[in-house]
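**Student:** Chains as they are written, first to last, in my numbering: chain S, 1 to 116; chain B, 1 to 341. Glycine is no exception: its CB is placed at the ideal position from the N, C-alpha and C atoms.
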């Protein structure tokens with residue numbers, strides 16, 4: 001029952017986004033001018049390629065994120081049952097978190113979490 | 001599924017849809033009025049009484065603006081970006097319980113589109129897809145500033161998602177359920193989670209600001225360095241969708257904060273009045289909306305109070321302060337639940 005309502009909401013969302021763009025296309029006046037198709041960027045003609053080099057830090061953070069996100073997925077089912085299972089569940093997660101935290105501290109010590 | 005439930009859900013979806021859009025539209029008005037109030041100005045006051053028609057005028061303007069797609073851009077992705085961002089922003093509202101159930105036509109009508117037993121995970125999943133909307137839009141623009149803005153946005157959003165997830169885990173430890181309705185009902189009376197999880201609440205709040213790209217975390221669209229950020233090349237309704245989706249995100253995150261930490265549609269002492277079911281349901285909707293309005297105001301208040309972070313400060317706050325704090329919070333909560341109880 002819930003899932004069909006979700007599908008309905010998704011369809012409405014897509015319809016709103018697509019409908020807005022199509023309606024605007026139908027209503028707005030257009031005129032052609034060769035300069036209109038130029039990239040705006042910051043107002044003056046662009047130089048060089050747009051796919052510039054950027055800080056390697058973005059990749060490092062993405063990698064660390066991946067590790068922690070997978071860990072987070074493991075923790076959701078644990079969090080829901082910990083009240084029923086009690087102490088053993090807590091000790092097990094302590095071991096898990098300890099190993100993970102060591103990795104986190106290693107990344108921290110290596111300077112992967114420093115942005116410069 | 002029988003027809004009546006389908007009709008009921010359709011009506012609910014349409015109402016929820018219009019309400020989200022109306023709240024998002026009037027958030028832009030509120031933003032400008034609150035900014036004006038805090039800066040001792042009048043704000044918009046020409047369109048209608050007190051400028052109340054301003055959002056409609058703005059929306060109308062967006063429709064009549066000429067659509068310009070740069071030649072250098074990837075046209076399909078350029079259009080896809082804002083569509084994904086808007087759709088995901090609207091989809092998150094499904095898992096939120098907007099009030100107690102109504103009793104109409106001889107049966108109970110739940111004011112929640114889908115009572116998912118994994119409501120929190122659903123919201124997280126959809127919010128994560130929203131990052132693609134920004135990333136695709138910024139990349140397809142084929143423009144240095146838009147690309148930088150998009151990379152900043154995705155990096156910032158994934159960084160703060162971790163601390164946010166950890167804060168949620170501490171909350172789940174006490175609630176034992178991933179369903180938002182269960183979490184809300186456990187807070188009936190005055191057992192709001194904010195009193196039991198104050199640290200988790202602060203972490204969650206900061207992360208919500210970062211996820212919505214609001215000041216002081218509005219690095220993806222810093223006009224002083226990146227022109228317009230990831231939507232520099234956008235115009236007409238596609239720009240409108242981006243801006244609209246941001247306000248919708250703010251509305252939904254206010255609703256999520258209210259539901260998870262401030263008792264959702266519950267308010268102390270109202271339960272003891274023994275009101276008829278429908279009256280109680282309507283009051284509960286208003287209670288939730290009052291809380292949501294407060295948080296939307298809070299979002300705007302912060303915008304005019306705190307200056308923007310530098311990117312290295314933002315990363316340090318996310319990774320070296322909030323994430324360790326959130327892990328400690330989980331461990332303390334876990335220890336409390338298993339050892340002292």
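Do residue 80(S) and residue 140(S) count as a contact pair if the criterion is CB distance below 8 angstroms?
**Tutor:** Outside the displayed span of chain S (1 to 116) sits residue 140(S), for which this structure offers no information.
**Student:** Just verifying my parser: in three-state terms, what is the DSSP assignment at residue 312(B)?
**Tutor:** To locate residue 312(B), count along the second chain from 1; it is residue 312. Reduced to three states, the DSSP call for residue 312(B) is helix.
**Student:** To which residues of the same chain is residue 214(B) closer than 6 angstroms at the C-beta, ignoring the five residues directly before and after it?
**Tutor:** Along the second chain, one-based indexing puts residue 214(B) at 214. Excluding positions up to five away in sequence, the list reads 299.
**Student:** Could you tell me which of 294(B), 269(B), 251(B) sits nearest to residue 19(B), measuring between CA atoms?
**Tutor:** Working through the second chain from its first residue, we reach residue 19(B) at position 19. Of 294(B), 269(B), 251(B), the residue nearest in Cα terms is 251(B).
**Student:** Hey, does residue 111(S) have any beta-carbon neighbour from chain B nearer than 8 angstroms?
**Tutor:** Taking the first chain and counting its residues from 1, the one referred to as residue 111(S) is at position 111. No, residue 111(S) does not count as interfacial toward chain B.
**Student:** Residues bridged to residue 266(B) by DSSP?
**Tutor:** Along the second chain, one-based indexing puts residue 266(B) at 266. Bridge partners of residue 266(B): none, in fact.
**Student:** For a contact meaning CB atoms closer than 7 angstroms, what does residue 200(B) contact in chain S?
**Tutor:** For the purposes of this step, residue 200(B) is taken as residue 200 along the second chain, with counting starting at 1. Within chain S, not a single residue places a beta-carbon under 7 angstroms from that of residue 200(B); the smallest gap is close to 12 angstroms.
**Student:** List the endpoints of the continuous beta strand (DSSP E) containing residue 219(B).
**Tutor:** Here residue 219(B) refers to the residue found at position 219 of the second chain. Premise fails: residue 219(B) is in no beta strand (DSSP E) and is neither H nor E.
**Student:** Is it the case that the Cβ atoms of residue 136(B) and residue 80(B) are separated by a distance below 8 angstroms?
**Tutor:** The residue labelled residue 136(B) in the question sits at position 136 within the second chain. The residue labelled residue 80(B) in the question sits at position 80 within the second chain. Taking 8 angstroms as the Cβ cut-off, residue 136(B) and residue 80(B) qualify as a contacting pair.
**Student:** Mind checking the region 307 to 323 of chain B against chain S and listing, in chain order, the residues whose C-beta falls within less than 8 angstroms of any C-beta there?
**Tutor:** 311, 312, 315, 316, 319, 320, 323
**Student:** Under 6 angstroms Cβ to Cβ from residue 123(B), same chain only, skipping five residues before and after it: list those, please.
**Tutor:** Your numbering for residue 123(B) matches position 123 in the second chain. Here the set comprises 92, 95.
**Student:** Compare the C-alpha of residue 73(S) against each of 236(B), 107(B), 121(B) and name the closest.
**Tutor:** Taking the first residue of the first chain as 1, we reach residue 73(S) at position 73. Checking every option, the nearest Cα to that of residue 73(S) belongs to 121(B).
**Student:** I need the straight-line Cα distance from residue 27(S) to residue 55(S), nearest angstrom please.
**Tutor:** Taking the first chain and counting its residues from 1, the one referred to as residue 27(S) is at position 27. Taking the first chain and counting its residues from 1, the one referred to as residue 55(S) is at position 55. Whole-angstrom Cα-Cα distance: 42 angstroms.
**Student:** In its own chain, which residues sit with a C-beta less than 8 angstroms from the C-beta of residue 337(B), not counting the 5 before and 5 after it?
**Tutor:** Position 337 of the second chain holds residue 337(B). Close CB contacts of residue 337(B) within its chain, under the 8 angstroms cut and outside five residues either way in sequence, are with 173, 174 (chain order).
**Student:** Got a sec, what are the start and stop residues for the alpha helix (DSSP H) residue 181(B) sits in?
**Tutor:** Translated into the one-based positions of the second chain, residue 181(B) becomes position 181. Counting along the chain, residue 181(B) sits inside the alpha helix (DSSP H) bounded by residues 180 to 186.
**Student:** Could you say if the region 59 to 73 of chain B and the region 225 to 241 of chain B meet the contact criterion of at least three C-beta pairs nearer than 8 angstroms?
**Tutor:** The region 59 to 73 of chain B vs the region 225 to 241 of chain B: in contact.
**Student:** Am I right that residue 104(B) and residue 285(B) are in contact with their C-beta atoms under 8 angstroms? What's the rounded C-beta distance?
**Tutor:** Position 104 of the second chain holds residue 104(B). Position 285 of the second chain holds residue 285(B). About 14 angstroms separates the two Cβ atoms, so there is no contact after all.
**Student:** By a C-beta neighbour count over all protein chains shown, 10 Å radius and 16 as the cutoff for buried, is residue 22(B) buried or exposed?
**Tutor:** Mapped onto the second chain, residue 22(B) falls at position 22. Counting Cβ neighbours within 10 Å, residue 22(B) comes out exposed, since fewer than 16 surround it.
**Student:** Let me know if residue 191(B) comes out buried or exposed under the rule of 16 or more other beta-carbons within 10 Å of its beta-carbon.
**Tutor:** On the second chain, residue 191(B) is found 191 positions in, with the first residue counted as 1. So residue 191(B) counts as exposed.
**Student:** Against chain S, with Cβ distances strictly below 8 angstroms, would residue 121(B) count as a contact?
**Tutor:** As a first step, residue 121(B) is located in the second chain; it is residue number 121 there, counting from the start. Closer than 8 angstroms: yes.
**Student:** Put residue 109(B) into one of helix, strand or coil per three-state DSSP.
**Tutor:** For the purposes of this step, residue 109(B) is identified with residue 109 of the second chain, where counting begins at 1. Strand at residue 109(B).
**Student:** Rounded C-beta distance between residue 272(B) and residue 212(B)? I'm assuming under 8 angstroms.
**Tutor:** By one-based count along the second chain, residue 272(B) stands at place 272. By one-based count along the second chain, residue 212(B) stands at place 212. 36 angstroms between Cβ atoms; not a contact.
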